[in-house]
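**Student:** Mind having a look at this structure? Questions to follow.
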Ligand code: AMP
Ligand code: GLY
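Printed below as a string of C-alpha cells:
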C-alpha cells in the first residue's frame, strides 16, 4: 500500500514508526512530517489544511489511503473534500467527515449528542452573546470550581477552570462578548466540575464495528504533582491500573457502545479513531471530551503496545471489514516522557541542536517538534521529543525512559520528573 500520513507531531512519528513495520506497506509519505518521520518514509513539505496541495500530493505519488493525524483538517472537512472530488472519491481517508468530527469540533454538539444518547457526562448549559445573562444566572446556580469551555477548537486552551464566581462571570463575558478565543468562543459550555482521575480510551471504527485500543493516562500540567500551566501533554503511561476490568466494562457498555450506536442512528458513518477523554468518579466513568483522532502523547504509548499490523486495521476501516480483522496487544507496559523547550508552554526558542538521540538503544525517541538540519535534528516546537520505553510493568518502563533521558540534551531542555509516579505503589 502507498500511504500518505498528515501531521508533524509525536503522534505522527509513532504512526509512521508503526506503519513502517507493516508487511503490506509499499511506500510511506508524511506531510509535512518532522526529523523523526523521515526515517520511516518521505517527508513532503505541505500543510495538511491545504486540501488542494494534499490532492496534488495524493495524485503525484499514487497514494492509496490517507491517514489524518491532527483534528484541524478533519474538522475542516478533509474527508468530505475527498468524497466530493471526482478524482479522489475512491481514496479512503482514515478520519471522520466534518459531521463526525463535530464530536471534537463543537463541545455543544458533543454535549447534546451525549444527552440524546444517555451517555454519562457532567451537567451543562450552552450560552451565546444573546443569552449571556442566562449564562451568568446558570453560573450562580453552580458550585465552585466553575468549568467554562469554548465551543470550538482553541488549540487546547479553550477550557477554563476557576475557583471564584466573580472571575468566572468575568471570563464568561470575555469569551462571549470580547471573543477571547475568537469564533471558537461564540458559544460557551458551562459544566459541572467532576472530581476524579482521568484516563484516555481509544477505539477505531469503520462505522459498523469497533476495536478497543489500550488505554493511557496523560500528564497535562507543566509541573511535577500536576502543578502549573496546562500543556499539550508532558508524558503518558499504558496500561492504567485504575482502569480495571470492572471500570472498562462500564466504559464499554455505558460509553463506547452508545456512542458508536448513536453516531450510526444519526446517519454519521464514522471512520477513524475516537478518543474518549474520561474521568473516573468513584468507579464510574464520565466523558469529559471526545476527540476525533488519537491523543498526543498517548499515541506514543498506545501504538507501541499494539502487536497487530496497523495497516491491516486501516484496510479494514477502508473496506468496512474491521470486524473480520484480528487485533492483538503486547502484555508489557509502556511509558513516555516528553522533553520540552525551556519556557514552554509560554514563549520558548527554537533551532537548538539535539544531542544524543543516536546513542539511544533501549528506548524509542518519537520526535514531536523537530526539524532536520542536515543529518542532525534541531528543536522546532514546544514539545520536542517523547522518550518511550517498554517494561514488564509501568514502573520499569518509566525508569528506563528516565535513564535514556540522561543521554539526551539540548539547550533549555525541560521535562517532568514524576511521570507515572502517582500510579506506582
Ligand atoms: P478538555 O479540553 O475538555 O479535555 O478539558 C481540558 C481539561 O480540563 C481536561 O483534561 C480536564 O482535566 C479538565 N476538565 C474539563 N472538563 C472538566 C470537568 N467537567 N470537570 C473537571 N475537570 C474538567
Ligand atoms: N493528550 C491529549 C490530547 O491529545 O488532546
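Residue numbers (this note's numbering): 67 to 491.
The beta carbon of each residue, even a glycine, is placed where N, CA and C say it ideally should be.
Quick one: is the Cβ of residue 355 within less than 7 Å of any heavy atom of the ligand AMP?
**Tutor:** Reading the chain shown from its first residue, position 289 is the one you call residue 355. Residue 355 Cβ: within cutoff of the ligand AMP.
**Student:** Compare the beta carbon distance of residue 266 and residue 364 with 8 Å and say whether it is the shorter of the two.
**Tutor:** Here residue 266 is taken as the residue at index 200 of the chain shown, counted from 1. Here residue 364 is taken as the residue at index 298 of the chain shown, counted from 1. Closer than 8 Å, so yes.
**Student:** Among residues of its own chain, excluding the 5 on either side of residue 187, which ones have a beta-carbon nearer than 7 Å to its beta-carbon?
**Tutor:** By 1-based counting over the chain shown, the position of residue 187 is 121. Annotation for residue 187: 177, 180, 352, 353 place their beta carbon closer than 7 Å to its own, counting only its chain and skipping 5 residues before and after.
**Student:** Can we count residue 370 as close to the ligand GLY, meaning its CB is less than 7 Å from some heavy atom?
**Tutor:** The sequence position of residue 370 within the chain shown is 304, counting from 1. Flag unset: Cβ of residue 370 not near the ligand GLY.
**Student:** From 297, 92, 174, 253, pick the residue whose C-alpha is nearest to that of residue 412; which is it?
**Tutor:** As a first step, residue 412 is located in the chain shown; it is residue number 346 there, counting from the start. Checked all of 297, 92, 174, 253; the closest Cα to residue 412 is 297.
**Student:** Looking at residue 438: is its Cβ nearer than 8 Å to the Cβ of residue 104?
**Tutor:** Your numbering for residue 438 matches position 372 in the chain shown. Your numbering for residue 104 matches position 38 in the chain shown. Contact: yes.
**Student:** When the distance is taken between beta carbons, is residue 185 closer than 8 Å to residue 269?
**Tutor:** The sequence position of residue 269 within the chain shown is 203, counting from 1. The sequence position of residue 185 within the chain shown is 119, counting from 1. No. Outside cutoff.
**Student:** Give the list of continuous beta strand (DSSP E) stretches no shorter than 3 residues that lie fully inside the stretch 328-376.
**Tutor:** 338-347, 350-357, all fully within the stretch 328-376.
**Student:** By the DSSP assignment, the beta strand (DSSP E) with residue 98 in it spans what residues?
**Tutor:** Against the chain shown, residue 98 aligns to sequence position 32. Taken as a continuous stretch (DSSP letters only), the beta strand (DSSP E) holding residue 98 covers 93-98.
**Student:** For residue 308, collect the residues of the same chain with a Cβ closer than 8 Å to its Cβ; drop the 5 residues on either side in sequence, then sort them by chain order.
**Tutor:** If you number the chain shown from 1, residue 308 lands on position 242. So the qualifying residues of the chain are 263, 265, 346, 489.
**Student:** Helix, strand or coil for residue 73 per DSSP?
**Tutor:** The count along the chain shown starts at 1 and reaches residue 73 at position 7. Looking at residue 73 - three-state DSSP - the assignment turns out to be strand.
**Student:** Which same chain residues end up closer than 8 Å to residue 303 when comparing Cβ atoms and leaving out the 5 residues on each side of it in sequence?
**Tutor:** Position 237 of the chain shown, counted from the start, is the residue given in the question as residue 303. Same-chain partners within the cutoff: 282, 283, 367, 399, 400, 401, 402, 460, 463, 464, 485, 486, 489.
**Student:** Going by DSSP, what residue range makes up the beta strand (DSSP E) through residue 277?
**Tutor:** As a first step, residue 277 is located in the chain shown; it is residue number 211 there, counting from the start. Segment 276-278, the beta strand (DSSP E) holding residue 277.
**Student:** By DSSP's criteria, residue 282 is part of a beta bridge. Which residues make up the other side?
**Tutor:** Here residue 282 refers to the residue found at position 216 of the chain shown. Answer is 266, bridged to residue 282.
**Student:** What separation, rounded to the nearest whole angstrom, lies between the Cα atoms of residue 318 and residue 350?
**Tutor:** Locating residue 318 in the chain shown gives position 252, where the first residue counts as 1. Locating residue 350 in the chain shown gives position 284, where the first residue counts as 1. Rounded to whole angstroms, residue 318 to residue 350 spans 12 Å at the Cα level.
**Student:** Quick check on the DSSP output: what are the complete beta strand (DSSP E) runs of length 3 or more inside the stretch 200-274, in order along the chain?
**Tutor:** You should have 212-216, 225-228, 253-257, 263-271.
**Student:** Mind checking which residues open and close the alpha helix (DSSP H) that includes residue 470?
**Tutor:** Residue numbering aside, residue 470 sits at position 404 when the chain shown is read from its first letter. Segment 460-471, the alpha helix (DSSP H) holding residue 470.
**Student:** To which residues of the same chain is residue 383 closer than 8 Å at the C-beta, ignoring the five residues directly before and after it?
**Tutor:** Mapped onto the chain shown, residue 383 falls at position 317. Excluding sequence neighbours, residue 383 sits near 158, 160, 270, 271, 272, 337, 338.
**Student:** Residue 255 and residue 199 - do their beta-carbons sit closer together than 8 Å?
**Tutor:** Counting from one through the chain shown, the residue named residue 199 turns up at place 133. Counting from one through the chain shown, the residue named residue 255 turns up at place 189. In this structure, residue 255 does not lie closer than 8 Å to residue 199 by Cβ.
**Student:** Which one of 143, 134, 153 has the shortest CA to CA distance from residue 122?
**Tutor:** Within the chain shown, residue 122 is the residue found at index 56, counting from 1. Closest option to residue 122, Cα to Cα, is 153.
**Student:** Take every Cβ of the stretch 413-420, pair it with every Cβ of the stretch 374-388, and state whether three or more of those distances are shorter than 8 Å.
**Tutor:** Segments in contact, no.
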